[in-house]
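First residue of the sequence shown? That's 1 in the UniProt record's numbering, and the numbers climb one at a time after it. Using N, Cα and C, we set each Cβ at its ideal position, and we do this for glycine too. A short worksheet on the structure shown next.
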Amino acid sequence: MVTQDERSEPSQVTGQLYTAAGIAQQTVASIIPSALGGDAILEAGENLEKSGKLQVDDAKRKKALESSIDSGVGKAKSAFGYLTSDQEKQNQGNKESEKAQWDYKQATSDSIAAIPIPSKEGLEGKLESVQGMVTGDQEKQKQGNVKAEKAAWKDGV
1 MVTQDERSEP SQVTGQLYTA AGIAQQTVAS IIPSALGGDA ILEAGENLEK SGKLQVDDAK
61 RKKALESSID SGVGKAKSAF GYLTSDQEKQ NQGNKESEKA QWDYKQATSD SIAAIPIPSK
121 EGLEGKLESV QGMVTGDQEK QKQGNVKAEK AAWKDGV
C-alpha cells in the first residue's frame, strides 16, 4: 500500500501524465461551447498541465541533489579505499560515483536518454581507472580518478 508521504514525493512520470492529461483536457475543452462549461474545463486543463510541469521540475531538482550527494559519497569511499589499501572499497566508490554522474545528467537534461559524455582527458582518466580496477593497481586507479575528476570540474560533466 502506498503511504501519504510516498504520494507527496514529486515524480517525473506522474508529472508527465498530469501534463499530458491537462493538454488533452484543454483540447477537448476547445470544442465545448462556453455556455456548456468549456471555459471551466479549459482552465482546469491549464491548471493540470502547470501542476504536471511543476512536479517534473521538482522531481528533477530532487534527483539532481540526491545524485550530487551520492557522487560525493562515492568519491569519498574511493579515496578511503585507496588510503586503506582496500581495492574493493575503492572500486565500489568509483562505481557509485559513476552511477551518480549518470543520474545527475538524466535529472538535469530535457532529453529522455541523456548520456554524460566526458572530454578526451576525462575518458582517458576513466579508462586508466578501470585498468587499475581490473589489474588491482590502486595507484593507477587513483591517478585515473584524479585525471577524470580534474576533467569533470573543467568540462562540467
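Can you tell me where the alpha helix (DSSP H) holding residue i begins and where it ends?
{"i": "residue 14", "result": "12-29"}
{"i": "residue 132", "result": "120-135"}
{"i": "residue 161", "result": "In the structure displayed, the chain extends from 1 to 157; residue 161 sits before or after that span and is not available."}
{"i": "residue 9", "result": "Looking at the DSSP string, residue 9 is not in any alpha helix (DSSP H), and its letter there is neither H nor E."}
{"i": "residue 100", "result": "87-107"}
Give me the residue from the options with the minimum Cα distance to residue i.
{"i": "residue 11", "options": "76, 35, 63", "result": "63"}
{"i": "residue 85", "options": "61, 139, 125", "result": "139"}
{"i": "residue 125", "options": "51, 74, 94, 77", "result": "94"}
{"i": "residue 104", "options": "69, 92, 137", "result": "69"}
{"i": "residue 28", "options": "147, 38, 19", "result": "38"}
{"i": "residue 51", "options": "88, 75, 8", "result": "8"}
{"i": "residue 59", "options": "120, 127, 148, 15", "result": "15"}
{"i": "residue 24", "options": "41, 36, 96", "result": "41"}
Residue i by DSSP, collapsed to three states: which one?
{"i": "residue 151", "result": "helix"}
{"i": "residue 35", "result": "helix"}
{"i": "residue 117", "result": "coil"}
So, using beta-carbon positions, are residue i and residue j closer together than 9 angstroms?
{"i": "residue 122", "j": "residue 151", "result": "yes"}
{"i": "residue 141", "j": "residue 106", "result": "no"}
{"i": "residue 160", "j": "residue 71", "result": "Residue 160 cannot be examined here, being either before or after the span of the chain that is shown, 1 to 157."}
{"i": "residue 132", "j": "residue 143", "result": "yes"}
{"i": "residue 128", "j": "residue 147", "result": "yes"}
{"i": "residue 78", "j": "residue 145", "result": "yes"}
{"i": "residue 19", "j": "residue 53", "result": "yes"}
Any heavy atom of the ligand SAH closer than 8 angstroms to the Cβ of residue i?
{"i": "residue 141", "result": "Among the components modelled here there is no ligand, and therefore nothing to report on the ligand SAH."}
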